[in-house]
Amino acid sequence: MDTNLIFTLCGVGLCGIGFFGFIYHRHLLRRLIAFNLIGNGTFLIMVGFAQRGQGVTDHVIQALVLTGIVVAVAATALGLVLIRRWFQLKGSTQLPEDDAS
Amino acid sequence: MNMILSPIPWLLVIPLAGAVLTMLVPYHWRSPASVVGIFTQLMASVVLWYQVTHYGPQFYAMADWQAPLGIALRADGLATLFILMSSLVASACAFYAHAYLSLQKRAHFWPLLWFLWASLNGIWLAADTFNLYVGLELLTFAAVGLVAFASDERSLEASIRYLYAALLGSMAYLLGVALLYGAQGTLSMDSLAETWHWGPTNQVAVTLILGGLLLKTAVFPLHTWLPPAHGGALTPVSALLSALVIKASFYILLRFWIEFQIYQFLPSLSQLLGALGAGAILWGGWMALRQTHLKMVVAYSTVAQIGYMTLMFPLLVAESSEASLLAYQGGILMLLAHAFAKAGMFLAAGNLIFCTGKPDLVSLAGMSRYRPLNIFAFGLAGVSLMGLPPSGGFNAKWLLLQSSFMSGQWWWIVVLLLGNLLSAAYVFRVFAYTYQETDALDTYKRPKLSLELIALGLSVGSILLGFISVWPLEMISLPGPVMEALP
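Below you can see the structure in the form of structure tokens.
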């Protein structure tokens, strides 16, 4: 099997797991980790799917994935700060359940 | 083009530099520095407007790095109009914030505002799908930071919800972009449009991008994060979020829909978008009618107004070029009128809450006697939102109505009219509270005159738009990628 296909399939799998976790869990940290899984899955898909059949490394994709990783790190940091503040204020790691709005 | 002559780099570099600088300099220098920045932004927008109207669409490669690795920017009529809109509204909100916030708060407000401004300009000007992604993410971070800025429990909760919804949305968008790149080997909007072919990959990509952007624009039923975030934030922030931030993801959706001619190949998806818009109009209007807090009324009104903008998608039909053009113009005018009216309404609502010191509607009793100017500003914005003549909102709805007639889609007319009734109801409901007289002691605070004048100025802008509608409509009809892709 082609390596790029393996990357793509792994990426799709990771995205699936991440999406499930994001929807299923209520714990804020778990959801943030799930978001990171989706992100990593996306990057794998980018690396694998986008350069299939070309035989050479695509610099554009490398630049995109690098930028994407930076953005994901920033997002995670922002999320962590907000979660920590929430924990300090409420002593809880979850948001209150949605009142049907 | 030379960096000095083209205003395009200034629109990105100055806000980014402003964000970093205002974080570094001492507190009392931050406001003067920002005021200088605001004026350069306004000037750059006007210069860009002049260049685009006289010399046609402008292109710029940042630091002479050409695509695909460099950052390519383009300004057509649509982008220029959005630049002008965001410069005007953001400046007004910035001056409002300067008068509204304490020195301490203000000092932390400026960096976030400049990040927000930079990402907005980046989105309006982006020529490729990946820059749009970076712009979207930066915008999210700045906006989430600004929501949490109110620093109470409710706004913190709202900002976490907002962050999670927005992150999911941008990841879906990025995945779509990756698939498009895999299928067509390019990121540039122009080359994507040239080589577009409807394979299964593109269909999955469009679905992902659509889902992500709908979540970020808060289109019904993905709107639940919006009311607490917009209603719970500080007043100038609420105005910025409702007037500008949600427009960014809508703008991207619009560009995709028209430039890649999705409206032509997937008309059923357009109808679905219209149905979501109709749901937003009715549900948002109904919920606005049931709120007990003033800013929540305005926030739910935003949900409803997003629905009106979404109504333009089913009206873009390949068979009738005239109906499509009317729908496009109506949708854009709707967006512009909403930007001014909603910013004005949020600021006026904030002033009223500042007076009474309480956020709920019942404490507004007696306000129309005590703060007539403010109520007037609120009312003018309401006129535009209700779509009464003469206002930008009226012209926009008139164009959408005509387009529905012309393309024979009468069901949207019913939605438009019902939505108008609902908006009238929730605006007049607020008025009813302000006319009540109670025996309670009047312990009102008086807001600064400048706060009231800024709110009034924005509301007057939304009315004025009704008189000068021809001008923005000419702007967006300038030759450019969007006009070429319309039937």
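For the protein sequence lines, the chains are A and B, in the order given.
In terms of this note's numbering, the first sequence opens at residue 1 and continues consecutively.
In terms of this note's numbering, the second sequence opens at residue 1001 and continues consecutively.
Ideal Cβ positions, reconstructed from N, Cα and C, are used throughout, including at glycine.
What you are looking at is a predicted structure, and each value in this text was computed from that prediction instead of being measured.
Closest Cβ-Cβ distance between residue i and chain B: below 7 Å?
i	result
residue 34(A)	no
residue 99(A)	Residue confidence is low: residue 99(A) scores 45 on pLDDT, short of 50, so the model does not pin down where it sits. Its coordinate-derived value is still stated next. Residue 99(A) does not count as touching chain B.
residue 29(A)	no
residue 66(A)	no
residue 60(A)	yes
Beta-carbon of residue i versus every beta-carbon of chain A: anything under 7 Å?
i	result
residue 1194(B)	no
residue 1068(B)	yes
residue 1476(B)	no
residue 1250(B)	no
residue 1160(B)	yes
residue 1122(B)	no
residue 1437(B)	no
residue 1130(B)	yes
residue 1182(B)	yes
residue 1210(B)	no
residue 1141(B)	yes
residue 1156(B)	yes
residue 1001(B)	Interpretation of residue 1001(B) is limited by its pLDDT of 47, a score under 50 that renders its predicted location unreliable; no figure is taken from the coordinates.
residue 1153(B)	yes
residue 1452(B)	no
residue 1137(B)	yes
What I want to know is whether the C-beta of residue i ends up closer than 6 Å to one or more non-hydrogen atoms of the ligand FAD.
i	result
residue 1467(B)	Looking at this structure, you won't find the ligand FAD or any other ligand, since it has none at all.
Considering only residues of the same chain and omitting the five flanking positions on each side of residue i, which have a CB-CB separation below 6 Å?
i	result
residue 7(A)	44, 47 and 48
residue 1269(B)	none
residue 1349(B)	1294, 1295 and 1298
residue 1086(B)	1120 and 1244
residue 28(A)	83 and 93
residue 1434(B)	1364, 1367, 1368 and 1375
residue 1030(B)	1022, 1107 and 1110
residue 1283(B)	1220
How close, in whole Å, do the beta carbons of residue i and residue j come, if the pair is a contact with beta carbons under 8 Å?
i	j	result
residue 1341(B)	residue 1462(B)	4 Å
residue 1404(B)	residue 1315(B)	6 Å
residue 1073(B)	residue 1127(B)	6 Å
residue 1235(B)	residue 1274(B)	Residue 1235(B) to residue 1274(B), Cβ: 33 Å. No contact.
residue 34(A)	residue 21(A)	3 Å
residue 1406(B)	residue 1323(B)	4 Å
residue 1077(B)	residue 1334(B)	17 Å between Cβ atoms; not a contact.
residue 1321(B)	residue 1486(B)	7 Å
residue 1466(B)	residue 1382(B)	Actually they are not in contact, since the Cβ atoms of residue 1466(B) and residue 1382(B) sit about 14 Å apart, beyond 8 Å.
residue 1252(B)	residue 1361(B)	Rounded, the Cβ-Cβ distance is 35 Å, inconsistent with contact.
residue 1109(B)	residue 1149(B)	7 Å
residue 1112(B)	residue 1092(B)	Incorrect: roughly 17 Å between the Cβ atoms, too far for contact.
residue 78(A)	residue 1144(B)	6 Å
Residues in the same chain with beta-carbon distance under 8 Å from residue i, minus the five sequence neighbours each way, listed in chain order, please.
i	result
residue 1012(B)	1062, 1073, 1118, 1121, 1122 and 1125
residue 1139(B)	1116, 1119, 1120, 1123, 1245 and 1248
residue 1276(B)	1214, 1219, 1220, 1221, 1307 and 1310
residue 1015(B)	1037, 1041, 1114, 1115, 1117, 1118 and 1121
residue 1208(B)	1172, 1173, 1175, 1176 and 1179
Among the residues of its own chain, which have a CB less than 7 Å from the CB of residue i, if the five just before and after it don't count?
i	result
residue 1281(B)	1304, 1307, 1308, 1415 and 1419
residue 1020(B)	none
residue 1197(B)	none
residue 1338(B)	1305
residue 1010(B)	1040 and 1044
Could you list which residues in chain D have their beta carbon closer than 7 Å to that of residue i, in chain order?
i	result
residue 22(A)	Of the protein chains in this structure, namely A and B, none is chain D.
Can you list, in chain order, the residues of the segment 39-51 of chain A whose Cβ is nearer than 7 Å to any Cβ on chain B? Taking 7 Å as the Cβ-Cβ cut-off against chain B, the residues of the segment 39-51 of chain A that qualify are 39, 42, 45, 46, 49 and 50.
Are the segment 1049-1058 of chain B and the segment 1017-1024 of chain B touching by the rule of at least three beta carbon pairs closer than 8 Å? Between the segment 1049-1058 of chain B and the segment 1017-1024 of chain B there are fewer than three C-beta pairs closer than 8 Å, too few to call the two in contact.
Positions along the segment 70-94 of chain A whose CB lies within less than 8 Å of some CB in chain B: So the close ones are 71, 74, 75, 78, 79, 82, 83, 85, 86, 89 and 90.
Using 8 Å as the Cβ pair cut-off and three pairs as the minimum, do the segment 1352-1366 of chain B and the segment 1388-1407 of chain B touch? Touching, no, given that fewer than three Cβ pairs across the two stretches are closer than 8 Å.
Just checking, does the segment 1471-1483 of chain B make contact with the segment 1327-1338 of chain B on the three C-beta pairs under 8 Å criterion? Yes, since at least three Cβ pairs between the segment 1471-1483 of chain B and the segment 1327-1338 of chain B fall closer than 8 Å, the two stretches touch.
So, do the segment 1152-1162 of chain B and the segment 81-100 of chain A have three or more beta carbon pairs nearer to each other than 8 Å? At 8 Å Cβ cutoff, the stretches touch.
Name, going along the chain, the residues of the segment 1163-1178 of chain B whose beta-carbon falls closer than 7 Å to a beta-carbon of chain A. So the list reads 1163, 1164, 1167, 1168, 1171, 1174, 1175 and 1178, given in the order they occur along the chain.
Within 8 Å, do at least three Cβ pairs link the segment 1099-1110 of chain B to the segment 1211-1227 of chain B? The segment 1211-1227 of chain B, when compared against the segment 1099-1110 of chain B, does not touch it at the 8 Å Cβ threshold.
Pairs of beta-carbons, one from the segment 1236-1251 of chain B and one from the segment 1184-1199 of chain B, closer than 8 Å: are there three or more? Fewer than three beta-carbon pairs drawn from the segment 1236-1251 of chain B and the segment 1184-1199 of chain B are found closer than 8 Å, and the two stretches are therefore not classed as touching.
Could you check whether the segment 1294-1303 of chain B touches the segment 1449-1462 of chain B, counting it as contact only if at least three pairs of C-beta atoms, one from each stretch, sit closer than 8 Å? Taking a contact to require three or more Cβ pairs closer than 8 Å, the segment 1294-1303 of chain B and the segment 1449-1462 of chain B do not qualify as touching.
Is the number of C-beta pairs between the segment 1223-1231 of chain B and the segment 1160-1168 of chain B that are closer than 8 Å three or more? Taking 8 Å as the limit for Cβ pairs, the verdict is that the segment 1160-1168 of chain B does touch the segment 1223-1231 of chain B.
Of the residues that make up the segment 1310-1340 of chain B, which ones have a beta carbon closer than 7 Å to any beta carbon in chain A? Result list empty, no residue passes.
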